[in-house]
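Working notes for the structure below.
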Amino acid sequence: MEIKAIFGILSSIVVLIGGIPYIMDIHRGKAHPHVLSWFGWTFITTLGASAMLAEGSEWTVAILFANAGNCLLIAVYSIIKKVGVWSVSIYDYMFFILGVIGLVLWQTLDLPILALICAIVADFCFGFPTIIKTYKDPLSETYFVWLTASISGLLSLLTIKSFVFTDVAYPLYLFIFDTTVLLLVLQFIKKRKIYNK
1 MEIKAIFGIL
11 SSIVVLIGGI
21 PYIMDIHRGK
31 AHPHVLSWFG
41 WTFITTLGAS
51 AMLAEGSEWT
61 VAILFANAGN
71 CLLIAVYSII
81 KKVGVWSVSI
91 YDYMFFILGV
101 IGLVLWQTLD
111 LPILALICAI
121 VADFCFGFPT
131 IIKTYKDPLS
141 ETYFVWLTAS
151 ISGLLSLLTI
161 KSFVFTDVAY
171 PLYLFIFDTT
181 VLLLVLQFIK
191 KRKIYNK
């Protein structure tokens, strides 16, 4: 088995492991995921995985399907437990709609680079409400899920065969996004420790 395949499998495992404490915190009522973000990420990763599967990709598809399953489980379970955040403001819905538009453009454009940019924009639009929510209320997130997402993103960068924009852009974006949310959560934890002293 080649080393890139091993990194792909490790990345998938890390994503699945990261979801476990998040689900447990949802169950306890400690975590409050932004439902629109998690449903948006479910759509985009499922579409991406399906498209890549049709083109013959293997290990990257495993990562995406693992991530899609995690996203869907988090969204649905947070609704069941009534801890999911549906909206903070009208801007959340606006970004969700922009994300859907980005998805449509991604699936309809014939230009690979432009389609990739639309996919990244769509993903960011789905994720922006989570960034705002986490900035306002870092305790509403579980740091471990974002830590494992960052590690998974780093591992997925190691599966890249050629360092060209179309191969690097999306995994790099995911790594930056997940690390940004992680830093928002950890910044609050640090402030809380100082405050409690």
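Quick note on numbering: the sequence shown equals residues 1 to 197 in this note's numbering. Even glycine gets a Cβ: it sits at the ideal position worked out from N, Cα and C.
query	result
Assign Asp110 to buried or exposed, taking buried as 16 or more other Cβ atoms, counted over all protein chains shown, within 10 Å of its Cβ.	exposed
Identify whether Val104 lies in helix, strand or coil by the three-state DSSP scheme.	helix
Taking the Cβ atom as the reference point for each residue, do Ile131 and Thr166 lie within a distance shorter than 8 Å?	no
Would you report the Cα separation of Lys193 and Val185, rounded to the nearest angstrom?	In this prediction, Lys193 has a pLDDT of 48, which is less than 50 and means its spatial position is unreliable; nothing more can be read from the coordinates.
Can you tell me where the alpha helix (DSSP H) holding Val121 begins and where it ends?	112-136
Assign His27 to one of three DSSP states: helix, strand, or coil.	helix
For the alpha helix (DSSP H) containing Val145, name the first residue and the last one.	143-157
I'd like to check one pair, Val14 with Ile117: are the Cβ atoms closer than 8 Å?	no
Nearest by alpha-carbon distance to Gly84: which of His32, Tyr143, Met24 is it?	His32
Is the beta carbon of Gly19 sitting closer than 8 Å to the one on Val145?	yes
Have a look at the DSSP bridge pairing and note the partners of Val85.	His34
Ignore the nearest five residues each way along the sequence and tell me which others in Ile113's own chain have a CB closer than 7 Å to its CB.	Phe165, Thr166
Using 8 Å as the threshold, is the C-beta distance between Lys133 and His34 below it?	yes
Under 8 Å, do Trp41 and Cys71 count as touching if we go by C-beta distance?	yes
Whole angstroms are fine: how far does the CA of Tyr91 sit from the CA of Gly29?	25 Å
Between the Cα of Ala66 and the Cα atoms of Ile9, Ala169, Phe163, Tyr170, which residue gives the shortest distance?	Ile9
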